[in-house]
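> Chains A and B, in that order, give the protein sequences. Residues in the first sequence are numbered from 78 upward in steps of one, following this note's numbering. Residues in the second sequence are numbered from 5 upward in steps of one, following this note's numbering. Below are the structure tokens for one structure; questions will follow.
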Amino acid sequence: MSKVKSLQHRSTGSITVRRSRISPLITLSGAVVLVAFLSWAPWILPAATVSIFMNFFILVIMATMWNLLAGYAGMVSIGQQGFVGLGAYATLYFAIKGVNPFVAIPLAILACGAIALPVTFLVFRLRGGYFSVATWVIADSAMLIIGSIALLGGGTGHYLPGLTNLSPDQLNHYTYLATWVVALLVVVATYLLLRSRMGLVLASVRDNEVASRSAGAKVTSTRRMVYIIAAAGCGAAGAVLAISQPFIQPGNEFNLQWAAEMLFVSMIGGLGTIEGPILGSIIFFVLQQLLQNWGAWYLIIFGTVAVVVAIWQPRGIWGLLRDRFNFELLPVGYRVVAGKEVADEAA
Amino acid sequence: MSWVNALVQGAMIGGFYALFACGLSLMFGVMKVINLAHGDMAVVAGYTAVFLAPKLHVAGVWSFIVVVPLFALVGYVLQRTLLQKSIDRDPFTTLLVTFGLSVVIENLLLQIYSANGQSVNIGSLISKSWQVSSTLYISYVSLVVLAVAVLMLGALQLFLSKTGTGRQIRAVSDDREAAQLCGANYRHLFGVAAAIAFGTVALAGISFGIMTQFAPTSGGVNLLFAFETVVIGGIGSVWGTLIGGILLGMAQQIGAHINPAYQILAGNALFLLVLAVRPQGLFGKKTALS
Numbered sequence: 078m079s080k081v082k083s084l085q086h087r088s089t090g091s092i093t094v095r096r097s098r099i100s101p102l103i104t105l106s107g108a109v110v111l112v113a114f115l116s117w118a119p120w121i122l123p124a125a126t127v128s129i130f131m132n133f134f135i136l137v138i139m140a141t142m143w144n145l146l147a148g149y150a151g152m153v154s155i156g157q158q159g160f161v162g163l164g165a166y167a168t169l170y171f172a173i174k175g176v177n178p179f180v181a182i183p184l185a186i187l188a189c190g191a192i193a194l195p196v197t198f199l200v201f202r203l204r205g206g207y208f209s210v211a212t213w214v215i216a217d218s219a220m221l222i223i224g225s226i227a228l229l230g231g232g233t234g235h236y237l238p239g240l241t242n243l244s245p246d247q248l249n250h251y252t253y254l255a256t257w258v259v260a261l262l263v264v265v266a267t268y269l270l271l272r273s274r275m276g277l278v279l280a281s282v283r284d285n286e287v288a289s290r291s292a293g294a295k296v297t298s299t300r301r302m303v304y305i306i307a308a309a310g311c312g313a314a315g316a317v318l319a320i321s322q323p324f325i326q327p328g329n330e331f332n333l334q335w336a337a338e339m340l341f342v343s344m345i346g347g348l349g350t351i352e353g354p355i356l357g358s359i360i361f362f363v364l365q366q367l368l369q370n371w372g373a374w375y376l377i378i379f380g381t382v383a384v385v386v387a388i389w390q391p392r393g394i395w396g397l398l399r400d401r402f403n404f405e406l407l408p409v410g411y412r413v414v415a416g417k418e419v420a421d422e423a424a
Numbered sequence: 005m006s007w008v009n010a011l012v013q014g015a016m017i018g019g020f021y022a023l024f025a026c027g028l029s030l031m032f033g034v035m036k037v038i039n040l041a042h043g044d045m046a047v048v049a050g051y052t053a054v055f056l057a058p059k060l061h062v063a064g065v066w067s068f069i070v071v072v073p074l075f076a077l078v079g080y081v082l083q084r085t086l087l088q089k090s091i092d093r094d095p096f097t098t099l100l101v102t103f104g105l106s107v108v109i110e111n112l113l114l115q116i117y118s119a120n121g122q123s124v125n126i127g128s129l130i131s132k133s134w135q136v137s138s139t140l141y142i143s144y145v146s147l148v149v150l151a152v153a154v155l156m157l158g159a160l161q162l163f164l165s166k167t168g169t170g171r172q173i174r175a176v177s178d179d180r181e182a183a184q185l186c187g188a189n190y191r192h193l194f195g196v197a198a199a200i201a202f203g204t205v206a207l208a209g210i211s212f213g214i215m216t217q218f219a220p221t222s223g224g225v226n227l228l229f230a231f232e233t234v235v236i237g238g239i240g241s242v243w244g245t246l247i248g249g250i251l252l253g254m255a256q257q258i259g260a261h262i263n264p265a266y267q268i269l270a271g272n273a274l275f276l277l278v279l280a281v282r283p284q285g286l287f288g289k290k291t292a293l294s
């Protein structure tokens, strides 16, 4: 983050290219404090709050992955719940085979990534809305196939074995830590990915696909990579979801509601920004807690707001804040600042 | 004989799928919009037929007299407002908006009418059937639905090729700017196309309610079947839609005949097979894909 390049400019003196307006040191120390607090949370917060935090992290993982897919790579998938379900069931499968469920998380992630590769060759034949519904068909088929496997409990479901040797407190803490670490890794990995060469290709495709293709960007293989990463990430969400439940049923793990939540959260928070899905998830959980005695109304209100945001404020709440106050917490691009401004900011 | 039965019943259901898919296909063909709330609109039509139409003294099978025009109006208004606004932005937005609508509608229905199954009551007519042979029965209802689907697709084809409005709709979908220069009001024409699409979806929703039970969550599955029908038959082909529906229905019945759990899976498998081997569909043109 401290990579600052100074150039000499003839008329205005020095020009600086840097990532962030805020000093990276401030962002970094803020992040350290936040990470420390969230790692201690299960020991200092009541169990009910901890469980809300777990669900929050699971949503952050899904929304971050959906945002990478739709907000950065332009692929509106409504079949990501398929990979959530496959991640949960891969964890169940390994646990039945005697693997510790926590050790099964990375295995489930790999499994989902591996399944996603052949899927891309089918769904990439379609574009736009047809792509969206095709991903849904795949998710639906995955649910039906999993539901017909007797070993995994069929349609009625199966308990996740391998957790009984832990005390309820231990289980709760470990599950929380697993969820939190996976969420942190997913967000950091997405951030680093978008700052890499691949992030540049994605940005160029988003701005003008034809131009970036003709400039030699490997558009299809980049998209394929993003799809696989998003599948693996949703598989990770499914794996921690399985441990946090821990009764696993096709109807729950493959629920279309996951797709709805990741979409609404990313849209309201701000598509195409790292912070957006996190902000959206916070708003979602606040609303859900406020309206918890009102049935499905939180989803109705949230969906309506998402539709309004999509039409009238497509950059979402984070986009609005960023435009208004001109700042970013996790910048992926560069800013060019003239010499005088640099001195002002430093002061 | 039971295999023949499975195929015949599949073909009958196929008529219903085609009826369902024709609105989806029309909206994609004209506006390039995939209406992800398509299935939920049909469910809303079912609820309107069960709860609202009897208040206007039209019940059961006659409820379409009220519901279809009502839905055509809803389609026109929705197209001129929300959908047009999102089309003006980009295709990406229309997907987000229609998916948002779909979730909102489903949960609203859940809040108002609970998750209980409902159906459109048509009395003893539902159990009447035509006995073809000792083991093969075809119910009058599915026969009527198939006939309605064929009539509907034929009428749509005639409307698009013979009437002035129909030709304008096709012109607008081929080249909007050129059609506008010739004086076509594309926003109004989009509204007309949406009105037709919503009218057909209302018919499909009522047929669905007559043939089987529906619940607030039925919309998603219906959208999947309609979508599979369109892709199997070929994007942008009217009669392909009918063939697509019949093939999908047959695949599902064959799957169900092997094992009841495989009914939907067999349909999905046929869809994925077509996607892998002939992505433009059986009767589609290759250009419709890009």
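Where a beta carbon is used, it is the ideal one built from N, C-alpha and C, also for glycine.
1) Checking 8 Å against the spacing of the C-beta atoms, do residue 47 of chain B and residue 209 of chain B come in under that value?
2) Can you tell me where the alpha helix (DSSP H) with residue 133 of chain B in it begins and where it stops?
3) Output needed in chain order: residues of the stretch 96-124 of chain B with a Cβ under 8 Å from some Cβ in chain A.
4) Find the residues of chain C that neighbour residue 202 of chain B, judging by a C-beta separation of less than 9 Å, and give them in chain order.
5) Which residues of chain A have a Cβ atom closer than 8 Å to the Cβ of residue 272 of chain B, listed in chain order?
6) Check the Cβ of residue 93 of chain B against every Cβ in chain A and list those closer than 9 Å, keeping chain order.
7) Would you decide whether residue 135 of chain B is buried or exposed? Buried here means 16 or more other CB atoms lie within 10 Å of its CB.
8) Do you know whose CA, among A:162, A:127, A:265 and A:257, lies nearest residue 105 of chain A's CA?
9) Consider the Cβ of residue 277 of chain B: report whether some Cβ of chain A lies at a distance smaller than 8 Å.
10) Can you tell me whether residue 19 of chain B is buried or exposed, with buried defined as 16 or more other CB within 10 angstroms of its CB?
11) Less than 8 Å separating the beta-carbons of residue 278 of chain B and residue 236 of chain B?
12) What's the C-alpha gap between residue 196 of chain A and residue 160 of chain A?
13) Could you tell me which chain B residues have their CB closer than 8 Å to the CB of residue 303 of chain A, listed as they occur along the chain?
14) Alpha carbon to alpha carbon, what distance is there between residue 309 of chain A and residue 358 of chain A?
15) Given residue 127 of chain B, which residues of its chain have a CB within under 8 Å of its CB, disregarding the five upstream and five downstream residues?
16) Would you say the stretch 34-47 of chain B touches the stretch 101-118 of chain B, given that touching needs at least three Cβ pairs under 8 Å?
17) What span of residues does the alpha helix (DSSP H) with residue 291 of chain A cover, start to end?
18) Consult DSSP for residue 404 of chain A and reduce its assignment to one of helix, strand or coil.
19) Report yes if the C-beta of residue 135 of chain B is less than 7 Å from at least one heavy atom of the ligand ADP; otherwise report no.
20) Pull up the distance between the alpha-carbon of residue 108 of chain B and that of residue 385 of chain A, whole angstroms please.
21) Roughly how many whole angstroms lie between the Cα atoms of residue 16 of chain B and residue 62 of chain B?
22) Might you give, ordered along the chain, the residues of its own chain that have their beta carbon closer than 7 Å to the beta carbon of residue 267 of chain A, omitting 5 neighbours on each side?
23) Skipping 5 residues on each side, what residues in its chain have a beta carbon closer than 7 Å to that of residue 407 of chain A?
24) Verify the CB distance criterion: does residue 232 of chain B have a CB-CB separation below 8 Å to chain A?
25) Would you give the residue range spanned by the alpha helix (DSSP H) that residue 142 of chain B belongs to?
26) Let me know if residue 186 of chain B comes out buried or exposed under the rule of 16 or more other beta-carbons within 10 Å of its beta-carbon.
27) Leaving out five residues before and five after residue 27 of chain B in sequence, what residues of the same chain have Cβ atoms less than 6 Å from its Cβ?
28) Should residue 324 of chain A go down as buried or exposed, given a rule of 16 or more other Cβ atoms within 10 Å for buried?
29) Give the DSSP-derived three-state secondary structure of residue 325 of chain A in the structure shown.
30) Can you grab the Cα-Cα spacing for the pair residue 131 of chain B / residue 139 of chain B, in whole Å?
31) Are the stretch 45-60 of chain B and the stretch 171-183 of chain B touching by the rule of at least three beta carbon pairs closer than 8 Å?
32) Using only alpha-carbon positions, find the residue among B:13, B:223 and B:169 that is nearest to residue 193 of chain B.
33) Please report the residue range of the alpha helix (DSSP H) in which residue 51 of chain A lies.
34) Keeping to the same chain, check which residues put their C-beta closer than 6 Å to that of residue 271 of chain A; ignore five residues upstream and five downstream.
35) Which same chain residues, not among the five before or five after residue 236 of chain A, have their C-beta less than 6 Å away from its C-beta?
36) Listing by chain order, which chain A residues have their CB less than 9 Å from the CB of residue 224 of chain B?
Quick look at the numbers:
1) Going by C-beta atoms, residue 47 of chain B is nearer than 8 Å to residue 209 of chain B.
2) Note, residue 133 of chain B: premise wrong, no alpha helix (DSSP H); beta strand (DSSP E) at 133-135.
3) Listed in sequence order: 96, 97, 98, 99, 100, 101, 103, 104, 105, 107, 108, 111, 112, 114 and 115.
4) The structure shown contains no chain C; the protein chains it does contain are A and B.
5) The answer, in chain order, is 214, 217, 218 and 221.
6) Residues of chain A passing the Cβ test: 387, 388 and 391.
7) With fewer than 16 other beta carbons inside 10 angstroms of its own, residue 135 of chain B counts as exposed.
8) Looking at the Cα atoms, A:265 is the closest of the given residues.
9) With 8 Å as the cut-off, residue 277 of chain B does not count as an interface residue toward chain A.
10) So residue 19 of chain B ends up on the buried side.
11) Cβ atoms of residue 278 of chain B and residue 236 of chain B: closer than 8 Å.
12) Looking at the two C-alpha atoms, the distance is approximately 11 Å.
13) In chain order: nothing, as chain B lies at least about 16 Å away.
14) Approximately 20 Å between the Cα atoms of the pair.
15) Excluding positions up to five away in sequence, the list reads 64.
16) Verdict: yes, contact present.
17) Where residue 291 of chain A is concerned, the enclosing alpha helix (DSSP H) stretches over 286-291.
18) Note: residue 404 of chain A maps to coil in three-state DSSP.
19) Although the ligand ADP was asked about, the structure shown includes no ligands whatsoever.
20) Each residue's alpha carbon lies about 12 Å from the other.
21) About 27 Å.
22) Contacts found: 141, 145 and 351.
23) Closer than 7 Å at Cβ, skipping near neighbours: 268, 351 and 352.
24) It does; some Cβ of chain A falls within 8 Å.
25) From DSSP, residue 142 of chain B is part of no alpha helix (DSSP H) but of the beta strand (DSSP E) over 141-143.
26) Per the 10 Å Cβ criterion, exposed.
27) 201, 204 and 205, listed in sequence order.
28) Classification of residue 324 of chain A: exposed, given that the 10 Å Cβ count is below 16.
29) Strand.
30) Rounded to whole angstroms, residue 131 of chain B to residue 139 of chain B spans 16 Å at the Cα level.
31) By the criterion of at least three beta-carbon pairs nearer than 8 Å, the stretch 45-60 of chain B is not in contact with the stretch 171-183 of chain B.
32) Considering only alpha carbons, the answer is B:169.
33) Because residue 51 of chain A is not part of the residues shown, which for chain A are 78 to 424, the question remains open.
34) 409.
35) The beta carbon of residue 236 of chain A lies closer than 6 Å to those of 324 in the same chain, with the five residues before and after it left out.
36) Within chain A, the C-beta atoms nearer than 9 Å to that of residue 224 of chain B come from 213, 217 and 333, in chain order.
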